[in-house]
Structures are given as structure tokens and as C-alpha cells.
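Protein sequence lines correspond, in order, to chains A and B. End of the first sequence sits at 248 in the numbering used here; the numbers just go up one at a time, nothing left out. End of the second sequence sits at 257 in the numbering used here; the numbers just go up one at a time, nothing left out. Encoded as C-alpha cells, the structure appears first; notes follow it.
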Amino acid sequence: MIELKNVHKRFGKNEILKGLDLTVPDLENTVIIGYSGTGKSVLLKCIVGLLRPEEGTIAVDHRIVADLDRDELADLRGRVGYVFQFAALFDSMTVEENILLALRRRGLPEAEMHERVREALDMVRMSGTELKYPAELSGGMRKRVGLARAMALRPAHILYDEPTTGLDPVTSAVMDQLMIRTRDLGVTGVVVTHDMKSAFAVADRLAMLYEGTIRQVGTVDEMRNSDDPIVRQFIEGRPEPEATT
Amino acid sequence: MHSPASLAAPWWRRIVSQVGRSTLGAGRAFGDVKTWRSLVLVQMRRLGVDSLPIAVFIAVFTGIVLALLSSYIFTGAVPLYFVGALVGKTIMMELGPVLTGMALAGRVGASIAAELGSMRVTEQVDALETLGYEAPSYLVVPRVLAATLMFPVITAFAVAVGVISGWITAINLLDLTSQEFVKGLQEFYRFKDLWFGLLKSASFGAAVALMGCLMGLDAKGGAEGVGAATTRAVVWGCQSILVLDAFWALVLL
Numbered sequence: 004m005i006e007l008k009n010v011h012k013r014f015g016k017n018e019i020l021k022g023l024d025l026t027v028p029d030l031e032n033t034v035i036i037g038y039s040g041t042g043k044s045v046l047l048k049c050i051v052g053l054l055r056p057e058e059g060t061i062a063v064d065h066r067i068v069a070d071l072d073r074d075e076l077a078d079l080r081g082r083v084g085y086v087f088q089f090a091a092l093f094d095s096m097t098v099e100e101n102i103l104l105a106l107r108r109r110g111l112p113e114a115e116m117h118e119r120v121r122e123a124l125d126m127v128r129m130s131g132t133e134l135k136y137p138a139e140l141s142g143g144m145r146k147r148v149g150l151a152r153a154m155a156l157r158p159a160h161i162l163y164d165e166p167t168t169g170l171d172p173v174t175s176a177v178m179d180q181l182m183i184r185t186r187d188l189g190v191t192g193v194v195v196t197h198d199m200k201s202a203f204a205v206a207d208r209l210a211m212l213y214e215g216t217i218r219q220v221g222t223v224d225e226m227r228n229s230d231d232p233i234v235r236q237f238i239e240g241r242p243e244p245e246a247t248t
Numbered sequence: 005m006h007s008p009a010s011l012a013a014p015w016w017r018r019i020v021s022q023v024g025r026s027t028l029g030a031g032r033a034f035g036d037v038k039t040w041r042s043l044v045l046v047q048m049r050r051l052g053v054d055s056l057p058i059a060v061f062i063a064v065f066t067g068i069v070l071a072l073l074s075s076y077i078f079t080g081a082v083p084l085y086f087v088g089a090l091v092g093k094t095i096m097m098e099l100g101p102v103l104t105g106m107a108l109a110g111r112v113g114a115s116i117a118a119e120l121g122s123m124r125v126t127e128q129v130d131a132l133e134t135l136g137y138e139a140p141s142y143l144v145v146p147r148v149l150a151a152t153l154m155f156p157v158i159t160a161f162a163v164a165v166g167v168i169s170g171w172i173t174a175i176n177l178l179d180l181t182s183q184e185f186v187k188g189l190q191e192f193y194r195f196k197d198l199w200f201g202l203l204k205s206a207s208f209g210a211a212v213a214l215m216g217c218l219m220g221l222d223a224k225g226g227a228e229g230v231g232a233a234t235t236r237a238v239v240w241g242c243q244s245i246l247v248l249d250a251f252w253a254l255v256l257l
């Protein structure tokens with residue numbers, strides 16, 4: 004379980020997260036929606052310890068991230084996979100080397116590492132690309148390799164940062180399928196997106212981030228039927244909030 | 005984490021605290037031998053061996069100019085065999101290390117800053133950390149170590165080439181024989197001339213690589229941010245060389 008309590012994050016005088024509270028239950032996909040620039044990616048980076056909030060606590064599996072020492076943080080990052088918006092593959096390495104890099108840190112036997120690479124690429128349907136470089140792959144393929152890299156560590160949670168942004172509708176649907184399949188394999192997912200089609204497809208629960216706090220959390224049906232004009236405007240993609248009668 | 009209290013602390017306390025944190029961080033990164041051990045050799049080839057041609061090119065012309073310049077200064081004033089002494093001492097102690105360092109600040113410093121800057125703005129540095137690596141151990145230490153070890157090697161080549169080019173210039177373009185040139189070279193040579201130059205160049209290597217890493221990892225935004233970081237790395241690298249050059253002269257001469 005991932006729990007965020009009263010999280011504040013500032014960059015200079017600009018406060019992005021303003022006392023955010025959110026609980027991500029295990030074995031579900033929780034999708035965080037919200038306007039661009041509202042701090043969705045910042046939130047993910049705080050969860051995995053890449054950014055440190057000024058106030059509040061973030062606990063992953065009951066361990067408070069800010070209290071972890073270097074080794075404990077490395078251990079936590081082995082349990083929390085991260086799929087970056089633009090995949091963030093190392094461009095000087097092949098697909099196989101990208102995934103192996105994650106595994107080498109864990110000191111696994113060579114044969115097991117190669118088996119995990121094969122398994123992870125197979126899962127995202129990217130077998131046969133082991134020797135290709137990221138520059139030789141399309142955006143969708145890179146994102147799938149990014150997911151394979153995260154999955155190779157067999158994490159308990161995966162954080163997805165805008166997994167379908169910039170992809171064509173078919174590749175987006177493939178990414179959605181992979182996120183659902185990953186959840187079905189027992190991995191908790193936190194998905195940040197403003198692609199509502201994808202959000203509805205993969206979400207067990209949706210949370211809307213608005214002006215630094217969580218505006219509403221609910222199931223897909225609850226969010227679709229929300230009375231909150233801000234939530235409705237975002238979900239329905241209207242330029243103005245719904246007029247209240 | 006910067007608490008409001010720490011932000012309100014006096015500037016000197018913040019500096020002391022920052023220096024303390026950086027020292028601890030550097031100690032931890034160098035202690036993480038398992039991470040950087042296998043990467044140093046790769047960086048030594050990239051930063052060192054590949055930089056040899058530019059260092060040799062500069063040394064050839066430095067040797068020529070020094071021989072001609074010293075002949076111009078010494079003619080009619082002191083015996084011409086002093087040309088050998090001036091070429092040898094100047095190249096070993098000053099121009100070899102400094103000009104090589106400056107050239108490599110452009111080549112090595114810029115390449116490190118551009119590479120790490122691109123990694124920073126495309127989230128590859130964040131990705132590295134989510135995989136359990138620390139950027140200082142994986143990215144900074146191998147580059148700083150490689151440059152510290154390879155700058156003296158390249159400088160040694162540059163010194164040798166510079167002296168040889170000065171010698172060839174002297175015997176072909178000046179009224180000087182090989183014996184006279186070598187006499188000047190030997191008469192004033194001290195072992196310190198050599199190690200002083202090589203020690204300086206090791207410190208230049210560390211400074212240039214460190215500036216490249218710091219500026220690259222601090223890059224923000226997109227291509228423009230990487231460009232700005234690269235420029236800063238070269239400027240700070242060159243300035244560090246000049247400051248260190250004066251420091252070593254004050255301390256060791």
C-alpha cells in the first residue's frame with residue numbers, strides 16, 4: 004500500500020502539492036488524472052524518493068520514504084518500478100543492456116538475469132529487439148521496453164508517468180492492455196495521465212489532482228457520475244465548467 | 005530536505021552545511037567501488053585515448069613557436085643553446101599541462117556536460133536512480149577518476165611531442181645543432197620539472213571532469229539548457245585550470 008499524508012512540495016515560491024492525501028490500495032490500478040502542470044509527475048517522483056516533499060509523509064508498504072537510508076531506498080526502488088513518460092532508456096545501451104542494468108544491481112546469477120530479460124520482453128511483446136538501440140525503436144516500443152525494464156525487477160508496485168501520451172490509438176490500447184495485465188499479475192499500479200480513454204480503461208479507482216490536492220477519489224462509475232463541476236469538466240473535456248442550475 | 009528553518013540560517017552556515025553534505029556525498033560515491041569499478045576503463049579510453057590527437061596537434065605548434073620565439077629573444081644576448089632549455093622547461097612545466105588542459109576542457113568538459121545534461125533532461129538520470137544506482141557513483145566518479153589518470157598521460161605525450169617539434173625546428177630553421185639543443189635541454193633539466201607538470205595536469209583533469217559532471221547534472225529544460233550547461237562547463241573548467249595553475253606555482257615553486 005502507498006499512503007500519502009499532507010504532502011507539500013514547493014519549487015522556490017511555487018507550491019505544487021498543497022497538503023495532498025491519498026491512499027493507493029494493493030493490487031489495484033489507481034489512476035491520477037489532472038490538468039498538465041498540476042504536479043502529477045512530481046507526485047510520482049516523491050513516492051519513489053527522487054524528490055523530497057517539504058512537509059508530510061509518504062509511506063510505501065508501511066515504510067516512510069523520507070526515513071530510509073541509502074541501502075533501504077535502493078531496496079525500495081527495487082520494489083517500486085517506474086515507467087517514465089518518454090521511457091528514459093539509456094541511449095548508449097541496447098534494449099537488453101538497459102534491462103540487464105537494472106538486474107545487475109541486484110547481483111543475480113547471469114543465467115537468471117538473461118531469463119528475466121527474455122521473460123520481460125516477452126511480456127511486453129518485444130522479443131527479438133534485444134540488440135536494438137533505443138534510437139531504432141518507435142515511441143510506443145520504447146515505452147514497452149521501459150515497462151519491461153521495470154517489470155524485470157518483479158516489483159510490487161509500478162508507477163506509470165503518462166504511459167500513453169504521444170502514442171497512436173492502437174499503441175495506446177496495447178499499453179492499456181499491458182497495464183491491466185501487469186495488475187492481474189499482482190502488481191499495484193499508479194498511473195498518471197490526462198488521457199481519459201486510457202484512464203477509464205485501466206482504472207480500478209480514479210483520483211483527480213487539482214490545485215495541489217486530491218479533489219475527488221472514486222471508482223470509474225463514481226467519477227463518471229460526479230456532481231463536482233471541476234471533475235465533470237475535466238472528464239468530459241469541456242472548455243468551461245458545467246453551468247449550475 | 006530544506007526546511008524553512010534551514011533556509012533562514014545565516015549564509016555561512018548554509019555554505020558549511022552544503023560543503024559537509026557534498027564531502028559526505030563524495031565519500032559515499034568513491035566508497036561505492038562495486039558501481040564504478042568496471043566503468044573507469046571505458047571512460048579512460050573515451051576521455052583519454054580519444055583526446056590524444058588534439059593534444060599532439062597543439063604540442064607540435066607550441067614547440068615550433070617556442071623554439072622560434074626563444075631564438076628571437078636570445079639572439080645577441082645569451083648563447084643559443086638556451087633555446088633547448090627554454091623549450092624543455094616551458095613545455096614541461098607550463099605550456100604542456102596548461103594548453104593540453106585547456107584543449108581538453110573544451111573537448112572532455114564539453115562532452116561530459118553535454119552527455120550528462122542530455123541524460124538529465126531526458127530523465128535518464130532519474131531512471132538510473134530508480135534502478136538503484138546513485139548518479140555520483142555511476143556517472144561522476146568514473147569520469148573524474150578517468151580524467152585524473154589520463155590527463156597526465158596525454159600531457160606526457162604532449163610534452164614529448166612539443167620538445168621534439170621544438171628540437172626539429174631548432175636544427176632546421178635556426179642556427180643551432182642537435183648537440184647544442186640537447187645541451188640546453190639537459191643542463192637545466194630537473195626531475196621536478198616533469199613531475200610538477202604531470203601533477204598539475206592530474207589536478208586539471210579532476211577539475212575539468214568535475215565541472216563537466218556538475219554542470220551537466222544541473223542542466224534544466226531542453227536543448228537550450230544542455231547548451232548552456234556545456235558552455236558553463238568549458239568556462240568553469242578553463243577558469244579552474246588557471247586558478248589551480250597559480251595555486252601549484254605558489255605551493256610548489
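Cβ atoms here follow ideal geometry from the backbone N, Cα and C, with glycine treated the same way. Since the structure is predicted, the reported quantities are computational estimates derived from the model, not experimental observations.
So, helix, strand or coil for residue i, using DSSP?
i              : result
K12 (chain A)  : strand
R186 (chain A) : helix
Y213 (chain A) : strand
E139 (chain A) : helix
M5 (chain B)   : The predicted position of M5 (chain B) is uncertain, since its pLDDT is 45 and thus under 50; no value can be drawn from it.
Q219 (chain A) : strand
L23 (chain A)  : strand
V20 (chain B)  : helix
E250 (chain A) : As shown, chain A starts at 4 and ends at 248. That puts residue 250 (chain A) outside it, with no answer to give.
R119 (chain A) : helix
N228 (chain A) : coil
R128 (chain A) : coil
E18 (chain A)  : strand
I157 (chain A) : According to the sequence shown, residue 157 (chain A) is Arg rather than Ile. Looking at R157 (chain A) - three-state DSSP - the assignment turns out to be coil, as it is neither helix nor strand.
R80 (chain A)  : helix
R241 (chain A) : coil
Going by beta carbon distance, what residues of the same chain come within less than 8 Å of residue i, once the five residues before and after it are set aside?
i              : result
G216 (chain B) : V112, G113, A114, S115, I116, A117, L120, R147, A237 and G241
N101 (chain A) : L92, F93, P137, V148 and R152
I50 (chain A)  : I5, L7, I61, V63, V68, V83, L162 and V193
E31 (chain A)  : R186, T191, G192, D207 and R208
F161 (chain B) : L56, A59, V60 and A63
Tell me which residue opens and which closes the alpha helix (DSSP H) that residue i is part of.
i              : result
H160 (chain A) : H160 (chain A) -> not in any alpha helix (DSSP H); beta strand (DSSP E) instead, spanning H160 to D164.
Y85 (chain A)  : Premise fails: Y85 (chain A) lies in the beta strand (DSSP E), V83 to V86, not in any alpha helix (DSSP H).
G192 (chain A) : Element bounds for G192 (chain A): not the alpha helix (DSSP H) but the beta strand (DSSP E), T191 to T196.
F65 (chain B)  : L56 to F78
G2 (chain B)   : The displayed coordinates of chain B run from 5 to 257. Any statement about residue 2 (chain B) would go beyond what the structure contains.
V82 (chain B)  : V82 (chain B) -> no alpha helix (DSSP H), and no H or E assigned at all.
A204 (chain A) : M199 to V205
R108 (chain A) : It is not in any alpha helix (DSSP H) - R108 (chain A) carries neither H nor E in the DSSP assignment.
L45 (chain B)  : V44 to Q47
V37 (chain B)  : V37 to W40
Closer than 6 Å by C-beta to residue i: which residues in its own chain qualify, once you throw out the five before and the five after it? Chain order, please.
i              : result
E132 (chain A) : Sequence inspection shows Thr at residue 132 (chain A); the Glu mentioned does not correspond to that position. So the list reads V98, once near-sequence residues are dropped.
V190 (chain A) : I161
A233 (chain B) : A117, G121, M219, G220 and A223
Taking residue i as part of the beta strand (DSSP E), name the residues at either end of that continuous run.
i              : result
V34 (chain A)  : N32 to I36
V112 (chain B) : It is not in any beta strand (DSSP E) - V112 (chain B) carries neither H nor E in the DSSP assignment.
Within a Cβ cutoff of 7 Å, which residues of the same chain sit near residue i, ignoring the five residues on either side of it in sequence?
i              : result
L221 (chain B) : L120, R124, V129 and A139
G209 (chain B) : A151, T152, M154 and F155
S141 (chain B) : A33, D36, T39 and W40
S7 (chain B)   : Because S7 (chain B) sits at a pLDDT of 48, beneath the cut-off of 50, its placement in the model cannot be relied upon, and the point is left open.
T174 (chain A) : G143
F87 (chain A)  : G149 and D164
Original post:
Per the contact definition of three or more C-beta pairs closer than 8 Å, is the region 104-113 of chain A in contact with the region 55-74 of chain A?
Top reply: With a cut-off of 8 Å, the region 104-113 of chain A and the region 55-74 of chain A do not count as touching, because too few Cβ pairs lie within range.
Original post:
Could you give the uninterrupted runs of the alpha helix (DSSP H) lying entirely in the region 195-253 of chain B, keeping only those of 4 residues or more?
Top reply: Counting only runs of 4+ residues, the alpha helix (DSSP H) found wholly inside the region 195-253 of chain B occupies 195-221, in chain order.
Original post:
Curious, which full-length beta strand (DSSP E) runs of at least 3 residues does the region 47-77 of chain A contain?
Top reply: If we require 3 residues or more, the beta strand (DSSP E) runs fully inside the region 47-77 of chain A come out as 58-63.
Original post:
Is the region 190-197 of chain B close to the region 241-254 of chain B, with three or more CB pairs under 8 Å?
Top reply: The region 190-197 of chain B, when compared against the region 241-254 of chain B, does not touch it at the 8 Å Cβ threshold.
Original post:
Is the region 141-155 of chain B touching the region 73-93 of chain B in the sense that three or more CB pairs, one from each, lie closer than 8 Å?
Top reply: Touching, no, given that fewer than three Cβ pairs across the two stretches are closer than 8 Å.
**OP:** Answer yes if the region 211-218 of chain A comes into contact with the region 36-46 of chain A, meaning at least three C-beta pairs across the two stretches below 8 Å, and no otherwise.
**Re:** When C-beta atoms of the region 36-46 of chain A are compared with those of the region 211-218 of chain A, three or more pairs fall below 8 Å, so the two segments count as touching.
Original post:
Looking at C-beta atoms only, is the number of pairs between the region 15-31 of chain A and the region 215-223 of chain A that lie closer than 8 Å three or more?
Top reply: Contact holds: three or more Cβ-Cβ distances are below 8 Å.
Subject >> Start-end ranges of the alpha helix (DSSP H) lying completely within the region 121-209 of chain B, minimum 4 residues >> reply: Runs of the alpha helix (DSSP H) lying entirely within the region 121-209 of chain B, each at least 4 residues long, are 128-134, 145-177 and 182-191 in chain order.
**OP:** Pair every Cβ in the region 12-29 of chain B with every Cβ in the region 219-238 of chain A, then say whether three or more of these pairs are closer than 8 Å.
**Re:** Cβ pair count under 8 Å is below three, so no.
Original post:
Are the region 197-209 of chain B and the region 94-101 of chain B touching by the rule of at least three beta carbon pairs closer than 8 Å?
Top reply: Cβ pair count under 8 Å is three or more, so yes.
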